[in-house]
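Q:
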Amino acid sequence: MEFAEVVRRRRMVRNYDPDRPVPPGVVDRLLDHAIRAPSAGFTQGWGFLVLEESADRERFWAAATPGGGGRERWLAGMRRAPLIVVPHANESAYLRRYAESDKGWTDQSTDRWPVPYWYVDTGFASLLMLLTAVDEGLGACFFGIPPQRLAAYREAFGVPAEFRPIGAVTIGYPAPDHRSPSLRRGRRGVDDVVRRGRWS
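Under full-length UniProt numbering, the first residue of the sequence shown carries the number 1, and numbering increases by one thereafter.
(1) Buried or exposed: which applies to SER39, given that a residue is buried once 16 or more other Cβ atoms fall within 10 Å of its Cβ?
(2) So what's LEU130 in DSSP terms, helix, strand or just coil?
(3) Please list the terminal residues of the continuous beta strand (DSSP E) segment that includes PRO87.
(4) Assign THR170 to one of three DSSP states: helix, strand, or coil.
(5) Need the endpoints of the alpha helix (DSSP H) that PRO24 sits in, please.
(6) Can you check DSSP and say which residues form a bridge with MET12?
(7) Does the Cβ of VAL7 have 16 or more other Cβ atoms within 10 Å, making it buried, or fewer, making it exposed?
(8) Are there 16 or more other CB atoms within 10 angstroms of the CB of MET129, so buried, or fewer, so exposed?
(9) Who are LEU51's beta bridge partners in DSSP?
(10) For the 8 Å Cβ check, are there 3 or more pairs between the segment 71-85 and the segment 41-58?
(11) Quick test of your reading: TRP105 and ARG112, contact by CB under 8 Å. State the CB separation rounded to the nearest angstrom.
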């Protein structure tokens with residue numbers, strides 16, 4: 001598929017065919033593309049939890065959703081996804097990397113960072129998974145884990161303290177889906193969001 005078509009066809013898919021698992025080779029490509037994302041100082045301070053087994057996915061929904069099971073209406077189709085990937089950012093990896101001799105920020109202070117690039121970079125990696133899913137004929141959806149469920153999620157999967165999930169990605173073959181009501185807002189045009197030369 002041409003890249004322009006991949007970008008044009010990318011959308012958040014919220015319903016999946018539960019009887020069609022994602023082939024192992026495709027899972028490998030999703031992850032291989034994710035780790036090719038850019039990262040500040042080539043830190044690559046991310047980690048991905050891959051949940052393919054039914055019991056692992058059920059444990060995720062029980063731990064990471066507000067009702068403790070993902071039974072909410074908007075999650076009904078998401079729960080059918082045969083694959084969940086949880087991308088994590090590791091702030092301390094960036095602080096250590098920038099304390100190395102070629103960077104020299106030995107104080108490891110977050111005050112030096114105008115933006116928390118550990119989250120930005122892990123977001124880049126997540127977007128590459130979303131685009132790869134489209135290229136492979138799959139659907140995917142990025143969504144957040146509520147703050148009040150983070151402790152339960154960490155405990156359920158033994159996630160080390162230095163890794164923070166930035167969200168989760170469901171992946172699978174799309175099933176008939178309802179359009180998100182949010183789409184009624186319409187996509188803002190280039191002229192609505194771009195300033196050339198100066199802001200005002």
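We put the CB at the ideal spot given by N, CA and C, even for glycine.
A: Judging by the given coordinates:
(1) buried
(2) helix
(3) 83-90
(4) strand
(5) 24-34
(6) ALA140
(7) exposed
(8) buried
(9) ILE84
(10) yes
(11) 5 Å
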